[in-house]
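This report concerns only the one structure given below.
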Amino acid sequence: MTTTRKPSHRPAPADPQAARHPLWDRRFTLYFAARAVSLLGDAMMPVAVALAVGALYGISGVGLVLGVWTGTFVLLVLFGGVFADRFGARRMMVGADLVRVFTQGVLAVAFFTGEPPFWLLVTMAALAGAAVAMFLPGVNGMVPLVAREPQRANATLKVADALAHLLGPALAGLLITLTSAGTVYTIDAGTFLLSALCLALIRFDPAATPARPPAAAADSRTGTARSLRGELHQGWREFRARTWMWAVILIWMGYGVLVFGPLVPLGSSLVGARLGPNAYGLAVSFLGAGTVLGGLLALRLRPARPLAAGTVAMALYTALPLCIALGAGLPVLLAGHALGGAAIAFWSVMWATSVQTHTPPAVLNRVTAYEQAGSVSGIALGQVLAGPATALASPDRLLWVSAGACLVGCATLFAIPAIRTLHRAAPRAKPYPSAGSPGTG
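Residues in the sequence shown are numbered from 0 upward in steps of one, following numbering that gives the first Met the number 0.
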């Protein structure tokens with residue numbers, strides 16, 4: 000892993016005041032609280048779906064519910080990026096949280112009162128996926144708004160994500176065993192409510208907001224909004240102009256189909272059958288423990304070529320599908336999940352920071368939407384195909400394919416110069432535009 004070693008090579012902060020602004024001010028603390036509590040609820044959901052839905056409708060049912068959720072997200076996330084740039088990321092995120100309070104609350108009632116029909120599970124998954132499509136594009140854009148050092152903020156948030164995945168799956172498995180899936184969905188609804196409240200309390204400094212672009216100002220004077228198609232096209236141009244970005248997303252689409260998408264349906268089935276449902280929850284918790292370590296490592300290291308360093312880490316992710324495919328015992332299974340968690344966490348911080356610091360602020364949410372749509376579309380397809388694929392090959396053989404695909408993907412990442420040579424960008428002088436209306440505080 001290549002890091003900057005000579006002090007003279009380290010870029011000076013673009014803003015001399017940055018050193019006097021701690022990370023944990025009011026804005027970042029509220030944003031961190033919103034993300035942390037929401038992530039805890041989210042971390043419980045894969046285990047809840049795998050165990051609760053799987054017990055009723057099998058592997059195909061789990062794959063279809065997850066696939067509908069992900070597919071709806073992919074279809075709508077581009078519009079979420081446009082709306083976040085047009086109306087403000089925070090406003091869209093609060094609205095999306097409230098929608099998810101409704102969807103998870105409905106499912107909680109359904110599980111408490113009996114066995115929910117499959118159509119209800121699919122409908123709520125589609126509605127929740129649409130809400131996430133409105134929420135996630137703004138997550139990337141909010142980070143530079145609430146923190147002057149994006150890599151520190153991203154790494155801190157990744158540690159929170161990791162802790163959530165450490166505690167959430169084990170808690171979900173325990174709650175389902177002791178009570179029912181309805182308890183898990185109730186807690187998830189509560190986390191989204193708290194997230195919406197924390198986001199609504201964040202306030203931005205209008206004096207620090209850059210001036211509105213001339214085109215947007217002209218639209219305001221004439222009372223007409225720029226066409227949705229034009230805004231989508233502008234985001235696409237910015238995305239397409241960065242070879243390192245679209246090349247990574249193409250590879251991630253393949254990862255989604257062959258690695259990430261099938262992992263939960265196949266992994267939960269194999270581990271549950273061999274070692275029991277509690278073992279699967281424990282394994283996912285160790286995935287979270289590894290993610291904590293990866294996030295902490297990303298807090299310490301500032302590689303000169305972040306995507307190259309992230310690719311080295313991603314090669315270690317191969318251990319996760321491999322240990323399941325081998326039918327490893329519990330200690331090896333837990334170690335493989337921890338290693339995989341550390342790998343994906345380090346890559347995620349390097350990737351998020353690269354996108355945030357190499358993308359113009361005015362189009363960041365739209366560019367984020369394009370990269371999310373591409374990377375997640377493969378996951379949706381992989382989740383839907385996981386069940387039917389077991390008719391062609393056993394789950395353990397399919398996970399052997401996942402392990403091989405992970406290594407091939409890393410080799411391809413290194414073979415592309417635009418990815419291998421991308422350098423770390425200097426911090427921006429000012430935060431991004433406010434999360435309220437464009438150009439306003």
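Think of the CB as a built atom: it goes at the ideal place given N, C-alpha and C, for glycine as much as any other residue.
Residue i, DSSP secondary structure in three states
i	result
Ile415	coil
Arg301	coil
Asp24	coil
Ala424	coil
Ile186	helix
Arg396	helix
Phe134	helix
Pro116	coil
Ile201	coil
Ser179	coil
Pro359	coil
Leu391	coil
Arg147	coil
Ala207	Confidence at Ala207 is low in this model, with a pLDDT of 43, below 50, so the placement of that residue should be treated as unreliable; the coordinate-derived value is given next. Helix.
Euclidean distance between Cα positions of residue i and residue j
i	j	result
Ala361	Glu370	16 Å
Pro359	Pro387	42 Å
Ala49	Gly87	35 Å
His357	Ala297	18 Å
Ser393	Arg25	51 Å
Ile323	Leu269	7 Å
Arg423	Val105	45 Å
Val366	Trp350	13 Å
Arg396	Ser226	48 Å
Asn364	Ala344	21 Å
Ser401	Ala312	17 Å
Asp96	Leu300	33 Å
Ala379	Leu231	22 Å
Ala334	Phe285	8 Å
Gly309	Ala368	21 Å
Pro264	Ser179	20 Å
Gly294	Thr155	7 Å
Ala152	Val142	7 Å
Gly60	Phe117	8 Å
Leu144	Leu192	22 Å
Ala169	Leu38	14 Å
Given residue i as reference, the closest of the options once Cα atoms are compared
i	options	result
Thr71	Ala129, Met123, Ser37 and Met91	Ala129
Trp399	Leu380, Pro416 and Leu321	Leu321
Ala32	Ala417, Phe82, Lys157 and Ser284	Lys157
Gly287	Thr122, Ala163 and Asp41	Ala163
Val36	Leu166, Leu292, Leu74 and Ala404	Leu166
Ala404	Gly275, Gly381, Ile418 and Ala417	Gly381
Ala410	Arg151, Gly137, Ala307 and Gln150	Ala307
Pro149	Val354, Ala161 and Pro416	Val354
Thr185	Pro45, Leu319, Ala51 and Gln103	Gln103
Ala161	Gly339, Asn139 and Thr389	Gly339
Ala188	Val348, Phe82 and Ala127	Ala127
Thr352	Gly53, Met91, Trp23 and Pro302	Pro302
Asp84	Thr389, Thr122 and Asn139	Asn139
Val291	Pro115, Leu144, Leu75 and Val348	Val348
Gly266	Phe111, Ile415, Gly53 and Gly229	Gly53
Element boundaries [alpha helix (DSSP H), containing residue i]
i	result
Leu269	Gly260 to Leu274
Arg90	Ala88 to Thr112
Ala318	Ala318 to Ala324
Ser353	Leu329 to Thr356
Arg365	Leu363 to Ala388
Arg228	Leu227 to Arg239
Gly255	Per DSSP, Gly255 belongs to no alpha helix (DSSP H) and is neither H nor E.
Contacting residues, own chain, Cβ-Cβ under 7 Å from residue i (five flanking each side not counted)
i	result
Val383	Gly62, Leu63 and Gly66
Ala124	Val64, Val67 and Trp68
Thr420	Arg304
Ala282	Val270, Leu332, Leu333 and His336
Gly377	Trp251, Met252, Gly253, Tyr254, Gly255, Val256 and Gly260
Leu119	Ala109
Leu274	Leu329
Own chain residues within Cβ distance below 6 Å of residue i, not counting five before or after
i	result
Ser219	Because Ser219 carries a pLDDT of 41, less than 50, the predicted location of this residue cannot be relied on, and the following value inherits that uncertainty. Once the five neighbours on either side are set aside, Ser219 has no close Cβ partner at all.
Val183	Met43, Ala47, Ala171 and Leu174
Val93	Ala195, Leu198 and Ala199
Pro133	The sequence as given places Met at residue 133; Pro does not occur at that position. Excluding positions up to five away in sequence, the list reads Gly79, Met91 and Ala95.
Phe101	none
Beta-carbon proximity list for residue i, same chain, < 8 Å, skipping 5 on both sides
i	result
Arg239	Trp245
Leu77	Leu231, Gly234, Arg365, Ala368, Tyr369 and Ala372
Leu249	Gly373
Leu406	Ala314 and Thr317
Ala327	Gly335
Phe413	Ala307, Thr310 and Arg419
Min CB distance residue i to chain C below 8 Å
i	result
Leu363	Of the protein chains in this structure there is only one, and it is not chain C.
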